[in-house]
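For reference, the structure discussed in these notes is given below.
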Amino acid sequence: MAALHGLCFSGTACWPAEAFARTLEGRGIFVVEAAGGFALGRAVADEAELLTFAVHPDRRRLGIGRDLLERFEAAARDRGAVSAYLEVAADNDAARALYAGAGWDVAGRRAGYYGAGDALILRKAL
1 MAALHGLCFS GTACWPAEAF ARTLEGRGIF VVEAAGGFAL GRAVADEAEL LTFAVHPDRR
61 RLGIGRDLLE RFEAAARDRG AVSAYLEVAA DNDAARALYA GAGWDVAGRR AGYYGAGDAL
121 ILRKAL
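Counting from 1, position 43 in the sequence shown corresponds to residue 43 in full-length UniProt numbering; the numbering is continuous, with no gaps.
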(Lines of atoms letter the chains of each structure in order from A and count residues from 1; the text may use other names and numbers.)
(Lines give C-alpha, C1' and ligand atoms only; values in the text may rest on other atoms or scores of the structure.)
Protein backbone atom coordinates (compact mmCIF):
# COMPACT_ATOMS: atom_id res chain seq x y z
CA MET A 1 0.00 0.00 0.00
CA ALA A 2 2.83 2.41 0.83
CA ALA A 3 4.43 1.91 -2.60
CA LEU A 4 1.17 2.67 -4.41
CA HIS A 5 0.45 5.58 -2.09
CA GLY A 6 3.89 6.99 -2.95
CA LEU A 7 2.99 6.97 -6.65
CA CYS A 8 -0.23 8.85 -5.95
CA PHE A 9 0.75 11.41 -3.31
CA SER A 10 3.76 13.57 -2.53
CA GLY A 11 5.18 15.37 0.49
CA THR A 12 3.38 15.03 3.79
CA ALA A 13 0.30 13.58 2.08
CA CYS A 14 2.29 10.42 1.27
CA TRP A 15 2.12 7.78 3.99
CA PRO A 16 5.30 5.78 4.71
CA ALA A 17 5.11 2.02 5.29
CA GLU A 18 5.36 2.56 9.07
CA ALA A 19 2.23 4.72 9.04
CA PHE A 20 0.30 1.99 7.24
CA ALA A 21 1.58 -0.64 9.67
CA ARG A 22 0.49 1.41 12.71
CA THR A 23 -2.87 2.26 11.18
CA LEU A 24 -3.64 -1.34 10.23
CA GLU A 25 -3.31 -2.31 13.89
CA GLY A 26 -5.99 0.18 14.93
CA ARG A 27 -9.52 -0.46 16.09
CA GLY A 28 -12.16 -0.70 13.37
CA ILE A 29 -9.68 -0.57 10.48
CA PHE A 30 -10.56 -2.24 7.19
CA VAL A 31 -9.16 -2.30 3.65
CA VAL A 32 -10.96 -2.81 0.36
CA GLU A 33 -8.99 -3.51 -2.79
CA ALA A 34 -9.45 -3.58 -6.53
CA ALA A 35 -6.99 -4.15 -9.36
CA GLY A 36 -4.69 -1.15 -9.12
CA GLY A 37 -6.07 0.45 -5.99
CA PHE A 38 -7.19 0.34 -2.39
CA ALA A 39 -9.27 2.22 0.15
CA LEU A 40 -8.35 2.23 3.84
CA GLY A 41 -11.12 2.99 6.27
CA ARG A 42 -12.16 2.91 9.89
CA ALA A 43 -15.60 2.20 11.30
CA VAL A 44 -16.36 2.97 14.93
CA ALA A 45 -19.86 2.98 16.39
CA ASP A 46 -22.14 4.26 13.62
CA GLU A 47 -19.58 6.34 11.70
CA ALA A 48 -16.91 5.47 9.15
CA GLU A 49 -13.99 7.45 7.85
CA LEU A 50 -12.18 6.98 4.57
CA LEU A 51 -8.62 7.45 5.80
CA THR A 52 -6.86 7.20 2.46
CA PHE A 53 -7.62 6.08 -1.04
CA ALA A 54 -5.29 5.38 -3.96
CA VAL A 55 -5.59 4.27 -7.57
CA HIS A 56 -2.45 3.64 -9.62
CA PRO A 57 -1.91 6.57 -12.02
CA ASP A 58 -1.94 4.18 -15.01
CA ARG A 59 -5.30 2.73 -13.92
CA ARG A 60 -7.24 5.96 -13.40
CA ARG A 61 -10.41 6.82 -15.33
CA LEU A 62 -11.30 3.12 -15.66
CA GLY A 63 -13.98 3.04 -12.95
CA ILE A 64 -11.66 1.63 -10.29
CA GLY A 65 -12.07 4.64 -8.02
CA ARG A 66 -15.85 4.46 -8.14
CA ASP A 67 -15.71 0.69 -7.52
CA LEU A 68 -13.42 1.17 -4.51
CA LEU A 69 -15.66 3.89 -3.13
CA GLU A 70 -18.72 1.63 -3.45
CA ARG A 71 -16.81 -1.22 -1.76
CA PHE A 72 -15.71 1.12 1.04
CA GLU A 73 -19.31 2.25 1.61
CA ALA A 74 -20.61 -1.35 1.63
CA ALA A 75 -17.88 -2.46 4.04
CA ALA A 76 -18.65 0.50 6.32
CA ARG A 77 -22.38 -0.36 6.31
CA ASP A 78 -21.53 -4.00 7.08
CA ARG A 79 -19.68 -2.71 10.16
CA GLY A 80 -22.70 -0.73 11.36
CA ALA A 81 -21.87 2.72 10.00
CA VAL A 82 -24.79 4.91 8.96
CA SER A 83 -22.65 7.84 7.82
CA ALA A 84 -19.14 8.26 6.46
CA TYR A 85 -16.63 11.09 6.30
CA LEU A 86 -13.45 11.88 4.42
CA GLU A 87 -11.10 14.78 3.87
CA VAL A 88 -9.97 15.84 0.40
CA ALA A 89 -7.70 18.64 -0.74
CA ALA A 90 -9.87 21.53 -1.86
CA ASP A 91 -7.86 21.82 -5.07
CA ASN A 92 -8.07 18.10 -5.98
CA ASP A 93 -10.67 18.51 -8.71
CA ALA A 94 -10.55 14.89 -9.92
CA ALA A 95 -11.16 13.44 -6.45
CA ARG A 96 -13.85 16.00 -5.68
CA ALA A 97 -15.66 15.09 -8.91
CA LEU A 98 -15.50 11.38 -8.02
CA TYR A 99 -16.90 11.98 -4.54
CA ALA A 100 -19.60 14.39 -5.73
CA GLY A 101 -20.70 11.89 -8.38
CA ALA A 102 -21.03 9.26 -5.65
CA GLY A 103 -23.26 11.48 -3.52
CA TRP A 104 -20.75 12.90 -1.01
CA ASP A 105 -21.55 16.43 0.23
CA VAL A 106 -19.32 19.14 1.68
CA ALA A 107 -19.78 19.25 5.45
CA GLY A 108 -16.93 21.58 6.39
CA ARG A 109 -13.49 22.99 5.63
CA ARG A 110 -10.14 22.72 7.41
CA ALA A 111 -8.03 25.76 6.58
CA GLY A 112 -4.38 24.96 5.98
CA TYR A 113 -4.86 21.23 6.60
CA TYR A 114 -2.55 20.32 3.73
CA GLY A 115 0.14 22.88 4.50
CA ALA A 116 -0.85 25.86 2.39
CA GLY A 117 -3.98 24.17 1.04
CA ASP A 118 -7.37 23.65 2.60
CA ALA A 119 -9.17 20.36 3.05
CA LEU A 120 -12.86 19.85 2.54
CA ILE A 121 -14.68 17.52 4.90
CA LEU A 122 -17.16 15.43 2.94
CA ARG A 123 -20.02 13.39 4.37
CA LYS A 124 -22.35 10.76 3.02
CA ALA A 125 -25.29 9.02 4.63
CA LEU A 126 -24.91 5.30 4.14
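For glycine and all other residues, C-beta sits at the position ideal for the given N, C-alpha and C.
Look at Leu7 here: in three-state DSSP terms it is helix.
In the DSSP annotation of this structure, the continuous segment of the alpha helix (DSSP H) that includes Glu18 starts and ends at Ala17 to Leu24. In the DSSP annotation of this structure, Arg109 is not part of any alpha helix (DSSP H); the continuous beta strand (DSSP E) holding it starts and ends at Asp105 to Tyr114.
For Leu68, the enclosing alpha helix (DSSP H) has its first and last residue at Ile64 to Asp78.
Between Gly103 and Ala75, the CB-CB gap reaches or exceeds 8 Å. Of the candidates Ala89, Glu47 and Val32, the residue whose Cα lies closest to the Cα of Asp67 is Val32.
Taking the Cα of Arg77 as reference, the smallest distance to any Cα among Phe30, Ala13 and His5 is reached at Phe30. Less than 8 Å divides the Cβ of Leu50 from the Cβ of Ala84. By DSSP's assignment, Val32 forms a beta bridge with Ala39.
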